[in-house]
Amino acid sequence: MDTVLRSLFSSEEEELYILDCLSYFMIFMAVLTFLTLLFENVPYGRYSDRKYGFPVSVRVAWFIQELPALVVPLALVFWTASSKTGHLPNQLLIAMYFCHYVQRSLIYPCLIRGGKPTPFASFALAFVFCIYNGYLQVRYLSHYAEFPSDWVTHPCFITGSCLWLFGWIINLHSDHILRNLRAPGETGYKIPRGGMFEYVSGANFFGEIIEWGGFALAGFSVHSAAFAFFTCVVLSSRAVAHHKWYLSKFEDYPKSRKALVPCLF
Ligand SMILES: NC(=O)c1ccc[n+]([C@@H]2O[C@H](COP(=O)([O-])OP(=O)(O)OC[C@H]3O[C@@H](n4cnc5c(N)ncnc54)[C@H](OP(=O)(O)O)[C@@H]3O)[C@@H](O)[C@H]2O)c1
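Just so it is clear: in the sequence shown, position 61 is 56 by my numbering, and no numbers are missing.
Spelled out as C-alpha cells, the structure:
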C-alpha cells in the first residue's frame, strides 16, 4: 500500500496538499448537490426510479457500496506506515469512524426489512463516495493530523465526542424503529413513533448529522468538516422530502412533528 501511495505522490507535502484539495472539492460538491436536491430527491428507497439505472437488491447495494468505507481505511491503517496512529486523539477519532462503518457496512445491510431496490446510479455514486471519503478521513487521521498533547481534554474534543456518541445512538435507535415498522415480508410504509420520531420525521438523519458534526468538532480539520457538511446537505434534503411525503400520505400524521430539527424546522 505504501508503494501505491509513493507512486501516486512525490512527497508527503504533496499528498497532504491533495487531501486538502479533496476536502475543498467535497465542500464544492456539497453545494452543487444542495442545488440539485432543490429539484430532485436522492433516487433510492421510496424515491427509487428506473431512469437511474437497473435495480440492485437493497441489501447487496448497502453492503457493497459501504464496504470501501471500511476496507480502504483498514488497508491505510494496517498496510501503510501510518505514523500518527500511536497518538490518542488520532486513535479515538479513527475508532469513532470505524464504529460507524463496521455497523453500516457489515450489520445494517443484514437488518434491512423490505427495502426498495437501489437504482444503479445511486449505488455507484455511494460506492465512489465511500472510497473517496474513507481515504480522505482515515489517511489524514492516520498519517497527517497533529493535535496538541492535551487535545483529548480540550472542550472541542470532549463536546465533539459526546455529540458523536449521542448522534450515533439516535441514528441506531431511529433506524431500529423504522425497521420494526415492518413485519417480515412487508414492504409498505407506516407512521414511525417513539424516540426522536416524536419530534422529527428524519430522526435517523438528525442523529447522523449530529454524529458527523461532533466528529468534525473533535477532529477540528477541514477534512472532517467537509464530510459533516456533505452529510448535512444530503440528509437534511432527505428529511425534508420524507416529511412532505408523510404529510401527503397520512391524514393523521402528527402535526407538531418537524422535518429535521426538533421544535424548529
Ligand atoms: N452519511 C451519509 O451521507 C448518508 C447518506 C444516506 C444515508 N445515510 C444513513 O443510512 C441510513 C439509511 O438511510 P435511508 O436514506 O435509506 O433512510 P430511510 O429512507 O429512512 O430508510 C431506512 C429504511 O427504513 C425503511 N423505512 C423508512 N421509512 C419507513 C416507514 N415509514 N415505514 C416502514 N419502513 C420505512 C426504508 O424502506 P424503503 O427502502 O422501502 O424506503 C429503509 O429500509 C440512515 O441511518 C442514514 O442516516 C447516511
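Yeah, the Cβ is synthetic: ideal placement off N, Cα and C, and Gly gets one too. Values in this document were obtained by computation on a predicted structure and should not be read as measured data.
Within 8 Å, strictly: CB atoms of residue i and residue j
i: G129; j: P84; result: no
i: P114; j: R41; result: no
i: D15; j: V217; result: yes
i: I205; j: F161; result: yes
i: S169; j: R252; result: no
i: P112; j: P179; result: no
i: A213; j: W159; result: yes
i: S117; j: Y39; result: yes
i: Y103; j: W57; result: yes
i: L106; j: R174; result: yes
Alpha-carbon to alpha-carbon, residue j and residue i
i: G315; j: E203; result: Summary: the structure shown does not reach residue 315, with the chain confined to residues -4 through 260, and so no result is reported for it.
i: Y194; j: P257; result: 5 Å
i: A211; j: S219; result: 5 Å
i: I59; j: S52; result: 11 Å
i: V(-1); j: R108; result: 40 Å
i: E10; j: R54; result: 35 Å
i: V37; j: R233; result: 7 Å
i: H238; j: L17; result: 32 Å
i: E141; j: L230; result: 30 Å
i: A64; j: F124; result: 8 Å
i: L120; j: C157; result: 31 Å
i: S6; j: S43; result: 44 Å
i: H153; j: W146; result: One detail in the question is off: residue 153 reads as Ile in this sequence, not His. Cα to Cα, the separation comes out at about 9 Å.
i: E246; j: C227; result: 29 Å
i: G110; j: T148; result: 42 Å
i: L33; j: A236; result: 10 Å
i: L3; j: I13; result: 11 Å
Cβ-heavy atom distance, residue i to ligand 1, below 7 Å
i: K250; result: no
i: R54; result: no
i: E203; result: yes
i: T28; result: no
i: L160; result: no
i: F73; result: no
i: D247; result: no
i: F200; result: yes
i: N166; result: yes
i: R41; result: yes
i: Y130; result: no
i: L14; result: no
i: Y184; result: yes
i: P187; result: yes
i: V97; result: no
i: K239; result: no
Beta-carbon contacts of residue i that lie in its chain and below 6 Å, excluding the five residues immediately before and after
i: H95; result: none
i: F225; result: M21 and A25
i: F122; result: Q60
i: I89; result: L136
i: T28; result: V228
Cutoff 7 Å; reference residue i; Cβ partners in own chain excluding five residues on either side
i: Q86; result: T80
i: S77; result: L71, S137 and H138
Classification of residue i by the beta-carbon crowding that lies within 10 angstroms, buried from 16 upward
i: N199; result: buried
i: H171; result: exposed
i: L101; result: exposed
i: G209; result: buried
i: A254; result: buried
i: G155; result: buried
i: Y19; result: exposed
i: Y92; result: buried
i: F192; result: buried
i: F201; result: buried
Other residues of its chain near residue i: CB distance less than 8 Å, five sequence neighbours each side excluded
i: Y248; result: I186, Y241 and L242
i: Q98; result: L167
i: C273; result: Nothing can be reported for residue 273, as the shown portion of the chain is limited to -4 through 260.
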